[in-house]
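Note sheet for the following structure.
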DNA sequence: ACCTGAACACCGTTCAAGT
DNA sequence: ACCTGAACACCGTTCAAGT
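Protein chains in written order, with this note's numbering: chain A, 9 to 204; chain B, 9 to 204.
What follows is the structure in structure tokens.
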């Protein structure tokens with residue numbers, strides 16, 4: 009699988025990086041380890057990416073693209089609130105599909121280097137509800153902070169219980185929807201008071 | 009200030025760690041740099057803390073304790089929603105007082121090693137509103153994800169504009185309250201539907 | 001109780017050079 | 001276009017030993 013000694017293209021590097029991420033976690037996704045897994049010297053990676061941050065941005069974008077592809081061609085709901093919930097659920101599923109996915113995407117987004125697609129989709133849904141651009145931006149940020157924080161917590165607990173320890177209350181998947189509906193309901197109340 | 013060559017107590021180490029954090033950021037708060045700043049060998053730190061995670065937990069707890077002390081003896085509001093807002097505002101102010109404060113506290117909380125005080129205060133306020141324990145827990149997590157995410161973003165942008173670059177829209181402090189009120193309003197709606 | 005000195009097994013990145 | 005080899009300036013942690 010390591011294809012020791014071959015030459016690679018950007019897409020190969022990203023693909024192997026996602027496998028290393030899923031197998032060993034973000035902390036062990038080092039340039040040196042990734043190079044070893046590719047059968048190549050660490051310095052070879054700098055032919056494909058100027059630095060590690062840009063590599064991680066490409067990995068995060070690929071992770072999100074795969075999550076989007078996994079959804080298939082199901083269209084987004086018409087209702088803005090359902091559309092917001094669907095975008096957040098797809099983002100969560102995408103990140104849950106790879107170990108430390110939430111930490112990766114949140115880090116990349118903090119750098120401002122990628123992972124911009126869910127942002128745009130949320131903005132569209134919130135504006136379609138009739139929110140002012142500034143209010144939509146506030147709601148969008150609150151939603152994303154919630155999703156990243158919640159899924160990062162989920163993955164931390166997944167790792168902790170996978171590494172043995174105590175199986176402390178598996179935390180149902182409905183927990184995600186409950187917290188999300190809090191933020192959506194708060195956003196809806198903002199909408200009503202502006203329209204009446 | 010480095011008191012080169014002296015012997016130290018836990019509290020000295022934590023104090024200098026907070027100064028290193030504020031001056032150079034979390035990424036540069038290494039055991040080796042901290043030791044150098046204390047005028048001591050890196051291995052000496054392991055007399056005071058078993059590992060870096062536990063050191064960071066102590067630093068985060070001290071940061072929060074100082075934020076609480078800065079508030080003085082102003083009592084919490086009686087109204088639950090105002091109390092929630094006050095706890096979140098104090099948490100934000102505490103973290104904003106040190107560079108990368110939000111990243112530090114969020115990391116420590118993810119390890120489950122400290123920073124538990126704001127959690128308890130939020131839980132108390134939400135239960136006093138009449139929420140079921142499970143609903144209170146969902147709201148508490150949503151609130152904390154929002155606060156950590158928002159303040160981490162604020163500090164990222166503070167660093168970016170401090171390091172020069174463009175002064176892209178200073179992002180008013182009221183932005184924090186706006187997003188927070190979204191989550192609080194969502195929580196309140198949950199309360200009404202349960203009580204009527 | 002608090003620290004030194006030396007070591008182990010790592011990092012990200014640069015750069016001249018090779019094919 | 002893609003990679004090697006060697007180096008630079010770092011990491012966290014352990015451990016025997018010193019005072």
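From the three backbone atoms N, C-alpha and C, an ideal C-beta is built for every residue, glycine too.
C-alpha gap between residue i and residue j, whole angstroms
| i | j | result |
| --- | --- | --- |
| residue 198 (chain A) | residue 190 (chain B) | 8 Å |
| residue 187 (chain B) | residue 154 (chain B) | 8 Å |
| residue 73 (chain A) | residue 41 (chain B) | 40 Å |
| residue 120 (chain A) | residue 31 (chain B) | 23 Å |
| residue 61 (chain A) | residue 84 (chain B) | 43 Å |
| residue 130 (chain B) | residue 70 (chain B) | 19 Å |
| residue 171 (chain A) | residue 165 (chain A) | 10 Å |
| residue 21 (chain A) | residue 46 (chain A) | 8 Å |
| residue 64 (chain A) | residue 148 (chain A) | 23 Å |
| residue 118 (chain A) | residue 168 (chain B) | 11 Å |
| residue 19 (chain B) | residue 183 (chain B) | 36 Å |
| residue 26 (chain B) | residue 122 (chain B) | 16 Å |
| residue 136 (chain A) | residue 161 (chain A) | 31 Å |
| residue 185 (chain A) | residue 86 (chain A) | 19 Å |
| residue 51 (chain B) | residue 24 (chain B) | 16 Å |
| residue 159 (chain A) | residue 15 (chain A) | 36 Å |
| residue 75 (chain B) | residue 110 (chain B) | 13 Å |
| residue 116 (chain B) | residue 108 (chain B) | 12 Å |
| residue 146 (chain B) | residue 163 (chain A) | 17 Å |
| residue 195 (chain A) | residue 48 (chain A) | 50 Å |
| residue 143 (chain B) | residue 139 (chain A) | 27 Å |
| residue 44 (chain A) | residue 66 (chain B) | 37 Å |
Start and end residues, alpha helix (DSSP H) containing residue i
| i | result |
| --- | --- |
| residue 126 (chain B) | 125 to 136 |
| residue 28 (chain A) | 18 to 32 |
| residue 52 (chain A) | Counting along the chain, residue 52 (chain A) falls outside any alpha helix (DSSP H), and DSSP gives it neither H nor E. |
| residue 36 (chain B) | Element bounds for residue 36 (chain B): n/a, residue is neither H nor E. |
| residue 141 (chain B) | 141 to 170 |
| residue 104 (chain B) | 88 to 104 |
Other residues of its chain near residue i: CB distance less than 8 Å, five sequence neighbours each side excluded
| i | result |
| --- | --- |
| residue 36 (chain B) | 28 |
| residue 77 (chain A) | none |
Test: residue i CB closer than 8 Å to a CB of chain B
| i | result |
| --- | --- |
| residue 115 (chain A) | no |
| residue 156 (chain A) | yes |
| residue 187 (chain A) | yes |
| residue 149 (chain A) | yes |
| residue 194 (chain A) | yes |
| residue 133 (chain A) | no |
| residue 92 (chain A) | no |
| residue 118 (chain A) | yes |
| residue 55 (chain A) | no |
Chain A contact for residue i (CB, 8 Å cutoff)
| i | result |
| --- | --- |
| residue 197 (chain B) | yes |
| residue 62 (chain B) | no |
| residue 109 (chain B) | no |
| residue 190 (chain B) | yes |
| residue 171 (chain B) | no |
Contacts around residue i, its chain only, beta-carbon distance under 7 Å, and the 5 residues preceding and following it disregarded
| i | result |
| --- | --- |
| residue 192 (chain B) | 89, 92 and 93 |
| residue 106 (chain A) | 26, 29, 30 and 71 |
Beta-carbon contacts of residue i that lie in its chain and below 6 Å, excluding the five residues immediately before and after
| i | result |
| --- | --- |
| residue 112 (chain B) | 34 and 68 |
| residue 79 (chain A) | 98 |
Contact test: residue i Cβ vs the ligand GTP heavy atom, cutoff 7 Å
| i | result |
| --- | --- |
| residue 66 (chain B) | As for the ligand GTP, it is missing from this structure, which has no ligand bound. |
Segment contact flag, the region 49 to 68 of chain A with the region 83 to 99 of chain A, C-beta cutoff 8 Å, min 3 pairs
no
For the region 149 to 163 of chain B and the region 112 to 126 of chain B, state whether three or more C-beta atom pairs, one from each stretch, are separated by less than 8 Å. yes
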